[in-house]
Each structure stands twice: as C-alpha cells, then as structure tokens.
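Enquirer:
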Amino acid sequence: MSEQNGTRVWFVTGASSGFGRAICREILDRGDRVVATSRDPESLDALGDGALTSRLDVTDPDDARAVMQKAEHDTGGVDVVVNNAGYGHIGAIEELADDELRRQLDVNLYGVINVTRAALPYFRARRSGRFVQMSSLNGIEALPGGAYYTASKFAVEGFSEALAAEVAHLGIGVTIVEPGPHRTSFASTGSMQSSTPMSAYAESVGEVRQLLAQLDGNQPGDPVRAAQVIVEMAATDHPPLRLPLGTMAHDHIRDKLRQQLDALEAVAPFGATDFPGN
Numbered sequence: 001m002s003e004q005n006g007t008r009v010w011f012v013t014g015a016s017s018g019f020g021r022a023i024c025r026e027i028l029d030r031g032d033r034v035v036a037t038s039r040d041p042e043s044l045d046a047l048g049d050g051a052l053t054s055r056l057d058v059t060d061p062d063d064a065r066a067v068m069q070k071a072e073h074d075t076g077g078v079d080v081v082v083n084n085a086g087y088g089h090i091g092a093i094e095e096l097a098d099d100e101l102r103r104q105l106d107v108n109l110y111g112v113i114n115v116t117r118a119a120l121p122y123f124r125a126r127r128s129g130r131f132v133q134m135s136s137l138n139g140i141e142a143l144p145g146g147a148y149y150t151a152s153k154f155a156v157e158g159f160s161e162a163l164a165a166e167v168a169h170l171g172i173g174v175t176i177v178e179p180g181p182h183r184t185s186f187a188s189t190g191s192m193q194s195s196t197p198m199s200a201y202a203e204s205v206g207e208v209r210q211l212l213a214q215l216d217g218n219q220p221g222d223p224v225r226a227a228q229v230i231v232e233m234a235a236t237d238h239p240p241l242r243l244p245l246g247t248m249a250h251d252h253i254r255d256k257l258r259q260q261l262d263a264l265e266a267v268a269p270f271g272a273t274d275f276p277g278n
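Using our numbering, read the sequence shown as starting at 1 and increasing by one per residue.
(1) Enumerate in chain order the residues of its own chain whose CB-to-CB distance from Tyr122 is below 6 Å, with the five nearest sequence positions on each side excluded.
(2) Evaluate Thr53 with the Cβ neighbour count: other Cβ atoms within 10 Å of its Cβ, from every protein chain shown; 16 or more gives buried, anything less gives exposed.
(3) Taking DSSP as the reference, what is the three-state secondary structure of Val229?
(4) DSSP three-state call for His182: helix, strand or coil?
(5) Within the segment 204-261, note down every full alpha helix (DSSP H) run reaching 4 residues or more, in order along the chain.
(6) Between the Cα of Leu105 and the Cα atoms of Ala92, Ser136, Gly88, which residue gives the shortest distance?
(7) Hey, quick one: how far does the beta strand (DSSP E) through Gly48 stretch, first residue to last?
(8) Pick out whichever of Ala164, Ala118, Gly206, Ala92 has its Cα sitting closest to the Cα of Thr150.
(9) Distance, Cα to Cα, Ala142 vs Gly77?
(10) Is the beta carbon of Val58 sitting closer than 9 Å to the one on Asn114?
(11) Please name the residue, chosen from Phe154, Phe270, Gln214, Ala147, that lies closest to Ile140 on a Cα-to-Cα basis.
(12) Please tell me whether, using a cut-off of 8 Å, the distance from the CB of Val208 to the nearest non-hydrogen atom of the ligand NAP is below it.
(13) So, helix, strand or coil for Ala272, using DSSP?
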C-alpha cells in the first residue's frame, strides 16, 4: 500500500453528510488522511484542515478520472476508495418520470462504476488497494416504492462481487457494505426524493411512505458506530466481501436468504432442463 508514516489515504465520495461525513471523521480521528469529495465542496469545510477536499460529480467519468488523478498526485497514492455517494427516491414504478429514473441510476450505480474505474489503474499498478462500496439492506431485500433505488443497489452488489473476483489476484480487496436504517438524514424530506403519489398505490407504496416518515430521526442504527466498523474492516488484511450493518440488516438478510433457499428447493424438480446426459 502507499502508506506514509503508517497512515492510509482514503478517498470518500458523498462526504458532505450521513455515512460519508461520519466515515471521514473516523478516518481523521485515527490519524489517517482523507480526500473528501462532494458536489458542493463548501459543505466539507466542517471536516477541518486535516481533510483534503474536492468537488466531484460522480456521474461524470472525466471528472472522476481528473479528481482521482489529482488525489493521487497530492497524496502520493490513495489506499482506500469509499464509494458512498447516493440518494433514495420513493415512488411507485409507474409514478417516477424517466429523468428521475436516469438520475437515480446515474448517481447510485454509474457513480460507483466511474470512481471505481478511475482508481483501478493506480491500484493495479501498486497491486494493492481497497474498495468500500456502499450498498444497502435494499441491495439484498427489495423495497416496494423504492424499485429504482433497489435496482441501483442490486446492481452495485453484482458489479462489486464481479470486481472482487477480477482483482483479488492483484492484491485489491472489495467490501460491500449493507446498512439497515441508520440515523442519518437519508430518509428526511431534504434528502429523500419523492414522486407525486397515485391513489392506486396507497395500499403498497403509501404504506412505505408512512413507514419512512415515522422512521426518520428514529432509525436504530448509529452512524458513528457504523463508520468505526467500516473503517476498521477496510483496514484489515482480509476484509470481508459483504458487511451488513445493524440488527435489522442482519435479521432481514438472513430471512431473505433462507426464503430464497426454500424457494430454490421448491422449484428444483422443474430445473432439469439440460440436454440428456449433461
């Protein structure tokens, strides 16, 4: 790794609030260095002089390459990339407009891909590095009323799992973080975007809207403790591929996987579609 004086260099997207800011603070508290990025660099001033800050639009691949190149030059080499930038959008599939769908995927999925691709040449050359890909409980368990958000996180899971298999022999690690509800501003009206409700979906999406509104500010997860675990795991020699965070994430993911296994066994008699003798 490109550690200097025993410290690591971290590159964090979406660092202005929520998990991004908590992770940056934890990095600095440990004495490591961080390149904190956001679409609004002024929002990063509160991190203090210990952080290098930069404007970054993760949806622009040229911008991602340029900012990563500058981070490499200014720090001597990035050790860990935290792909955290993202947001939620609540609405039935039929309710969301085309531009809302594209924006959701541009930020949550293509943003991760753009920054990952920008960092890979440097990691590959050094044969070291870590990617921390912020997914969600909803990267495993679908959220009715959040189909496009769910789609983006399912895609991040698949992309990152394939990435891990591609780069393991190069000494590069990948960890997919799957948080349940944590007490950030993610579910607030200022952060979570919402489409205009249609009455036909009041019994499904409407209930999810109410649940998220009740959950805002009452989430069981502590983002500070989550940031401590994320930073600790990313700094280990053998980071886990997946890292669910929070009791709800562990419980729901365990139940989902059990249900999938049961469903798989139930349809096993219909799975014999190979050519005879194969």
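Virtual Cβ for every residue (Gly too), placed ideally from N, Cα, C.
Expert: On the basis of the coordinates in this document:
(1) If the five residues before and after Tyr122 are omitted, its C-beta is found closer than 6 Å to the C-beta atoms of Glu72, all from its own chain and listed in chain order.
(2) Taking a 10 Å sphere around the C-beta of Thr53, we find 16 or more other C-beta atoms and assign the residue as buried.
(3) Note: Val229 maps to helix in three-state DSSP.
(4) In the structure shown, His182 sits in a strand (DSSP, three-state: E or B).
(5) Segments of the alpha helix (DSSP H) lying fully in the segment 204-261: 205-215, 223-234.
(6) It is Gly88.
(7) Run containing Gly48: none; DSSP gives neither H nor E here.
(8) The residue with the shortest Cα to Cα distance from Thr150 is Ala92.
(9) So the alpha carbons of these two residues sit roughly 37 Å apart.
(10) The beta carbons of Val58 and Asn114 sit closer together than 9 Å.
(11) That would be Phe154, whose Cα lies nearest to the Cα of Ile140.
(12) The model depicted lacks the ligand NAP and carries no ligand whatsoever.
(13) The answer is coil: DSSP assigns Ala272 none of H, G, I, E or B.
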